[in-house]
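Written below as structure tokens is the structure these notes are about.
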Amino acid sequence: MKVSNEPLWWAFFGAGGALSALCVPALLFLVALAMPLGWIETPSYEAARALVHHPLARLFLFALISLSLLHWGHRFRYTLYDGLQLKHLESLIVLFCYGGAILGSVFTAFVLWQL
Amino acid sequence: MSDPTRYRKYHPKLYRTRMPIFWWVRKRAHIHFITRELTSVFVAFYAIELLFLLRTLTLGPEAYDAFLAWLQTPLALGLNTIAFLMIVFHSITWFNLAPKALVIRVGEVRIPPVAIAGLNYAGWAVFSAALAWFILTA
Chain A
20 MKVSNEPLWW AFFGAGGALS ALCVPALLFL VALAMPLGWI ETPSYEAARA
70 LVHHPLARLF LFALISLSLL HWGHRFRYTL YDGLQLKHLE SLIVLFCYGG
120 AILGSVFTAF VLWQL
Chain V
561 MSDPTRYRKY HPKLYRTRMP IFWWVRKRAH IHFITRELTS VFVAFYAIEL
611 LFLLRTLTLG PEAYDAFLAW LQTPLALGLN TIAFLMIVFH SITWFNLAPK
661 ALVIRVGEVR IPPVAIAGLN YAGWAVFSAA LAWFILTA
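Residue numbers (my numbering), protein chains in the order written: chain A, 20 to 134; chain V, 561 to 698.
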């Protein structure tokens with residue numbers, strides 16, 4: 020019997036959904052709205068680097084970004100199936116969604132490693 | 561028997577009623593469902609935006625300043641406003657569904673769903689406050 024890898028993707032989907040639900044509203048509001056609009060002070064380049072330099076900060080950012088992408092991959096796959104009735108393009112959609120999320124995670128690890 | 565049996569999941573020749581692509585626009589509950597499912601696009605959008613912001617920190621102060629300047633353009637502010645609203649919708653729908661996915665029993669007693677949802681919202685407040693503290697004291 021072929022073992023389904025669905026539970027694995029679902030676990031990533033669940034972890035990413037929970038982590039993004041907890042963190043992204045505050046992070047997006049502060050970094051992408053409050054700072055550009057001048058409501059709060061934007062950290063300097065050096066201060067921003069110092070903020071993300073701690074290994075735990077980078078680990079957190081890796082978990083947040085990669086799990087968010089995997090959350091998207093799994094959910095968007097089924098959105099395409101249900102919303103657009105594209106069940107017959109299954110292998111292409113699976114490649115695009117999970118492949119994209121995995122590529123994004125590898126790139127995230129690469130960027131965070133360089134910091 | 562070199563070929564393993566293959567099952568096709570899609571049977572174009574079997575009779576099946578075609579669903580129109582916009583099947584979900586007629587009912588409120590369906591629009592709610594599709595909106596909830598589409599929040600994942602904005603979760604990914606923010607993940608990529610954050611990734612590119614972090615990348616500028618490896619490239620130098622000019623790249624960082626250029627990214628901050630882009631964040632101030634009307635296009636970026638518009639996109640981020642929509643993304644913020646969609647992700648808040650994601651958080652609310654996620655926390656409200658959590659009690660259905662997470663049925664915890666202590667002995668015979670099931671922990672009431674309201675308590676689990678309440679814990680999720682409390683966690684949301686704690687995470688938001690912690691992130692704000694880290695960013696505002698940077």
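Glycine residues also receive a C-beta, built at the ideal position from the N, C-alpha and C atoms.
Query: Find the nearest neighbour of V/L619 within the set A/A67, A/S87, A/S85, judged by alpha-carbon distance.; Result: A/A67
Query: First and last residue of the alpha helix (DSSP H) that includes A/F31?; Result: 25-47
Query: For V/R670, does the three-state DSSP call read helix, strand or coil?; Result: strand
Query: What does the Cβ neighbour count give for V/A656, buried or exposed, with the cut at 16 atoms within 10 Å?; Result: The sequence as given places Asn at residue 656 of chain V; Ala does not occur at that position. Exposed is the call here.
Query: With 9 angstroms as the limit, tell me which residues of the segment 684-696 of chain V have their beta carbon closer than that to any beta carbon of chain A; keep them in chain order.; Result: W684, V686, F687, S688, A689, A690, L691, A692, F694, I695, L696
Query: What residues of chain V sit near A/H90, judged by a beta carbon separation below 7 angstroms?; Result: S600, V603
Query: Hey, is A/F126 close to the ligand ZN, as in C-beta under 7 angstroms from one of its heavy atoms?; Result: Judged by which ligands are present, the structure shown has none, so any question about the ligand ZN falls away.
Query: Based on Cα-Cα distance, which residue from A/W132, A/L83, A/A40 lies nearest to V/R596?; Result: A/A40
Query: Mapping the DSSP letters down to three states, classify V/R615 as helix, strand or coil.; Result: helix
Query: Just curious, the alpha helix (DSSP H) that V/R586 is in, first and last residue?; Result: Taken as a continuous stretch (DSSP letters only), V/R586 belongs to no alpha helix (DSSP H), as it is neither H nor E.
Query: Alpha carbon to alpha carbon, how far is A/F81 from A/A128? Give it in angstroms, no decimals.; Result: 6 angstroms
Query: Can you list, in chain order, the stretches of the alpha helix (DSSP H) that have 4 or more residues and sit fully within the segment 93-123 of chain A?; Result: none
Query: Mapping DSSP to helix, strand and coil, what is V/R578?; Result: coil
Query: Between A/Y64 and chain V, is the shortest Cβ-Cβ distance under 8 angstroms, so that the two count as touching?; Result: yes
Query: Are there three or more Cβ pairs, one per stretch, closer than 8 angstroms when the segment 606-624 of chain V is compared with the segment 85-99 of chain A?; Result: yes
Query: With DSSP as the reference, identify every bridge partner of V/R665, one or two as the case may be.; Result: V/R670
Query: Any beta carbon from chain V within less than 8 angstroms of A/F112's own beta carbon?; Result: Going by the sequence as given, residue 112 of chain A is Ile instead of Phe. Not an interface residue.
Query: Cα separation between A/A34 and V/W684?; Result: 14 angstroms
Query: Taking C-alpha atoms, which residue in V/V686, V/E668, V/A661 lies nearest to V/I676?; Result: V/A661
Query: With distances taken Cα to Cα, identify the nearest neighbour of A/F95 among A/P74, A/H107, A/A120.; Result: A/A120
Query: Within 8 angstroms (strictly less), CB to CB, does A/P26 reach chain V?; Result: no
Query: Go through its chain and collect everything with a Cβ distance to A/G36's Cβ below 7 angstroms, but skip five positions before and after it.; Result: H90
Query: Quick one: measure Cβ to Cβ for V/L645 and A/L46, integer angstroms, because I've assumed they're closer than 8 angstroms.; Result: Going by Cβ atoms, the distance from V/L645 to A/L46 rounds to 15 angstroms, so no, they are not a contact pair.
Query: Classify A/H72: buried if its beta carbon has 16 or more other beta carbons within 10 angstroms, exposed otherwise.; Result: exposed
Query: Our contact map puts A/Y64 next to V/Y681 with C-beta atoms below 8 angstroms; I'd like the distance itself, whole angstroms only.; Result: Contact flag wrong, Cβ pair sits at about 36 angstroms.
Query: Hey, quick one: how far does the alpha helix (DSSP H) through V/P548 stretch, first residue to last?; Result: Any answer about residue 548 of chain V is impossible in this case: the structure gives chain V only from 561 up to 698.
Query: Within 10 angstroms of its Cβ, does V/F560 collect 16 or more other Cβ (buried), or is it exposed?; Result: Any answer about residue 560 of chain V is impossible in this case: the structure gives chain V only from 561 up to 698.
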